[in-house]
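Enquirer:
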Amino acid sequence: MKGKRKMKKILSVLLIAFMIIAMAMPAMVKADGQAGTTLSAEVTATAYWTRTFSWTIEKSVYPDHWEFYPGESGISTYTITVTKDGYTDAYFINGTVSVTNGGDVATENLAITIELRDGVPPPNDLIASATVDVSSNPVLDPGETGEYPYEITIPPPIGTGTYKITAVVTITNHSGHLGEPFGPSPSATTTLPSSPTLINDVIHVDDTNGGSWTFSSSGSVTYDKTFTCEDKGENVNTATIRETGQSDSATVTVTCITPPQATISGVKYYDANLNGERDADEVGIKGWKIELYMWDEGAKDWELVGTAYTGEAGDYIFTVTKAGTYRVVEVMPSGMWVQTAPESGYYEIEVELGQIYAGNDFGNVCLLPGYGGKTLGFWSNKNGQALITSDDVTELNGLNLYTPSGWAYPPFDTTYLSTAKTQIKNYLLSATAVDMRWMLSAHLIATKLNVLHGFLSGSTIVYVGPSTYVPSGFISIDEIMENANTALSGGTRAEQEYWKNLLDGLNNNRLPFVCPEPCLPIEYP
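Residue numbers for the sequence shown follow our numbering, so the first one is 1393 and each next one is one higher.
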């Protein structure tokens, strides 16, 4: 019974083994019958001896920090130093492995190993090996040739004989060697040159400030650069060795300082009431030219340092950065303009920085040619005579008119108007300056009649120019007549002549009148 079971187990094992062999047979047959491919290969080899020089570069600058007020500048000097430290020799071989697929199927698992054999006798001693990168074309199609560059370092000791390069090329589907690495191993020989190839023996330095220099040995160069407030902040500058990419930088920091300041300001206004002060209802004048001068102690003269034009409200302002003596002056535009303030015609200011100097106001009025006046001749002829009334005679008789020696009038007749008119005519036509009172009286009569009949207005302000009698230069027609009348009762001849001339100017329209409003626009030649 036991023998039968044992036999049965043996038969079962044999059956299983048979089945495994049967299943494997088709695969084995397939492997043995698979078609492979063939390779051919070539290798080139060139030996190199290079000598690479080492360099260092340093860049510095002095001064490396500036603090400027606006308008100031400074010069910094840059220094670039390069040092040739020594050299390193390198020995290596490079070339190309050319592999051609001569079969009908693509390659599988292409691999290339470079073997270097020594040039020191005896030759053919393996001294180094390197794997070639085939990733650029890892599979060669039928008939395709692949080119694979390589480089291998020659280890010391360095020989003087011939070096041999062998390219071991393998694939795993080479005909006759399916499944195992196999392929051609072409060789080439080369020898080292007798002298090295020099690398970086001469260098070029490029600077971001624009300069370039050439060095064959250690050395340095310097150059200057000017800085101003336009360069505010950090100014980084770099010098670079063109061949190696080595660089060094230097930084100049510029700080722009806002200097202490002072301001000088004021308003240009129309002084309609001629009081030399700006009143609440008096308007500013736009576009008026104001000049600022500073006293130059060395030149003993005033130097123009600023010009401004007034704004919409007649305002102006100057900002100064130097202490000293300043003078603010207005510039008269085209037309007839007269200043009313300040009394001196300008402002002179001792300026300390950090202060505000406001209120330097200029008052002005503009003038128009006089008009409306009628002369002595008019009031003597029939046209003027026709206008004279009894009330006019009464007004004239209220004046301090001069009565010439031997004359019965003035005062003029109040009974008969025709008689009074004739008397006025004779008085005006006979007046002489032998006694200035007579000529003054004659012109006063004409001016009074001009006002009474509306040819002139007593409230009109007239510009007569500054004098002892009219310091401001401005006076109304009424005031002129009042002063003339007063001079007739006891003034000096000079005083009488002065007022006579003003009355004559009014009657002949020679005196300019003050405009109640600004004459706009303001224009300069």
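In this text, a Cβ means the ideal position worked out from N, Cα and C, and glycines have one as well.
The structure presented is a predicted model; accordingly, all values stated were derived computationally and were not measured.
1) Start and end of the beta strand (DSSP E) containing E1434?
2) Could you tell me if L1696 is buried or exposed, where buried requires 16 or more neighbouring beta carbons within 10 angstroms of its beta carbon?
3) What is the DSSP secondary structure of V1785, counted as helix, strand or coil?
4) Which residues bound the alpha helix (DSSP H) around A1934?
5) Measure the alpha-carbon distance for A1800 versus D1896 and round it to whole angstroms.
6) For P1576, which residues in the same chain have their Cβ closer than 7 angstroms to its Cβ, ignoring the five residues on either side in sequence?
7) Are the CB atoms of G1755 and Y1855 nearer to each other than 7 angstroms?
8) Can you check whether the CB of I1472 is closer than 7 angstroms to the CB of K1451?
9) Please say whether S1641 and K1628 have beta carbons closer to each other than 7 angstroms?
10) Output needed for H1596: all residues of its chain with C-beta closer than 6 angstroms, excluding positions within five of it in sequence on either side, in chain order.
11) How about the region 1646-1664 and the region 1701-1716: do they share at least three Cβ pairs that are nearer than 8 angstroms?
12) Do the region 1771-1784 and the region 1719-1730 meet, that is, are 3 or more Cβ pairs less than 8 angstroms apart?
13) Which one or two residues does DSSP pair with G1611 in a beta bridge?
14) Quick one: what's got a C-beta closer than 6 angstroms to P1578's C-beta in the same chain, skipping five residues either side?
15) So, with DSSP's three-state summary, where would you put W1458?
16) What does the Cβ neighbour count give for K1692, buried or exposed, with the cut at 16 atoms within 10 Å?
17) If you follow the beta strand (DSSP E) that Y1738 is part of, which residue opens it and which one closes it?
18) How many Å lie between A1520 and L1508 at the Cα?
19) From the DSSP output, in three-state form, read off E1622 for me.
20) For the region 1490-1505 against the region 1525-1534, do three or more pairs of beta-carbon atoms, one drawn from each stretch, fall closer than 8 angstroms, so that the two count as touching?
21) Pull up the DSSP beta-bridge partners for Y1540, would you.
22) Would DSSP call L1841 helix, strand or coil?
23) Is the region 1749-1766 touching the region 1662-1679 in the sense that three or more CB pairs, one from each, lie closer than 8 angstroms?
24) Fully enclosed by the region 1532-1588, which beta strand (DSSP E) runs are 3 residues long or longer?
25) Tell me whether I1649 is buried or exposed, calling it buried when 16 or more other Cβ atoms sit within 10 Å of its Cβ.
26) By DSSP, does W1799 sit in helix, in strand, or in coil?
27) For I1867, which three-state DSSP category applies?
Expert: Based on what the coordinates show:
1) L1431 to V1435
2) exposed
3) helix
4) No statement about residue 1934 is possible, as the shown extent of the chain runs from 1393 to 1917 and does not include it.
5) 25 angstroms
6) L1431, S1432, A1433 and V1561
7) no
8) yes
9) A small correction: the amino acid at residue 1628 is Val; Lys does not occupy that position in the sequence shown. Closer than 7 angstroms, so yes.
10) Beyond the five residues adjoining it in sequence on each side, H1596 comes within less than 6 angstroms, by CB distance, of T1606 and R1634 in the same chain, given in chain order.
11) Segment contact: the region 1646-1664 against the region 1701-1716, three or more CB-CB distances shorter than 8 angstroms; contact assigned.
12) No: the two stretches stay apart, fewer than three of their Cβ pairs being nearer than 8 angstroms.
13) For G1611, DSSP records a beta bridge to V1474.
14) A1433, E1434, V1435 and A1559
15) strand
16) exposed
17) Following the DSSP letters along the chain, one finds Y1738 inside the beta strand (DSSP E) bounded by residues Y1738 to V1743.
18) 5 angstroms
19) Three-state DSSP puts E1622 in a helix.
20) Touching, yes, given that three or more Cβ pairs across the two stretches are closer than 8 angstroms.
21) V1489
22) helix
23) yes
24) 1537-1545, 1555-1562 and 1579-1582
25) exposed
26) coil
27) strand
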